[in-house]
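Numbering (this note's numbering), first residue to last: 61 to 173.
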């Protein structure tokens, strides 16, 4: 099962793609725990596509990431070789503190080294 995050499916997909792009480009992002747990799946999937290296995998990554070629190039040229020997588990979640206002638990989602 997946988390709906209180959004319609098209908006939820866009939010998840945006956070996925931020994690890949900045190699870390601060967000809520629910979003981080959901985005982790997509970041792992994008890096797995990069390790595959085929044209089909590149097109799938481009389709999910809204045709952002800079992010896809970073996945295929930098991250895939870095995680070539690793079989999954490319991200880690570090719990921070509750957010002021709505008391949501914030976490840092980052790529492991």
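We treat Cβ as the ideally placed atom computed from N, Cα and C, and that holds for glycine.
- Message: Per DSSP, what are the beta-bridge partners of residue 151 in this structure?
- Response: Sequence index remark: in the chain shown, residue 151 carries index 91 (1-based). In the DSSP output, where bridge partners are listed per residue, residue 151 has 171.
- Task: Can you check DSSP and say which residues form a bridge with residue 158?
- Result: The residue you call residue 158 lines up with position 98 of the chain shown. In DSSP, residue 158 forms a bridge with 165.
- Query: How many Å lie between residue 84 and residue 131 at the Cα?
  - Reply: Start at 1 with the first residue of the chain shown, and residue 84 comes out as number 24. Start at 1 with the first residue of the chain shown, and residue 131 comes out as number 71. Using only the alpha carbons, I get a separation of about 7 Å.
- Query: Beta carbon of residue 120, beta carbon of residue 143: below 8 Å?
  - Reply: As a first step, residue 120 is located in the chain shown; it is residue number 60 there, counting from the start. As a first step, residue 143 is located in the chain shown; it is residue number 83 there, counting from the start. Contact flag unset, no.
- Query: DSSP state of residue 113, grouped into three classes?
  - Reply: Along the chain shown, read from residue 1 onward, the residue named residue 113 stands at position 53. Coil.
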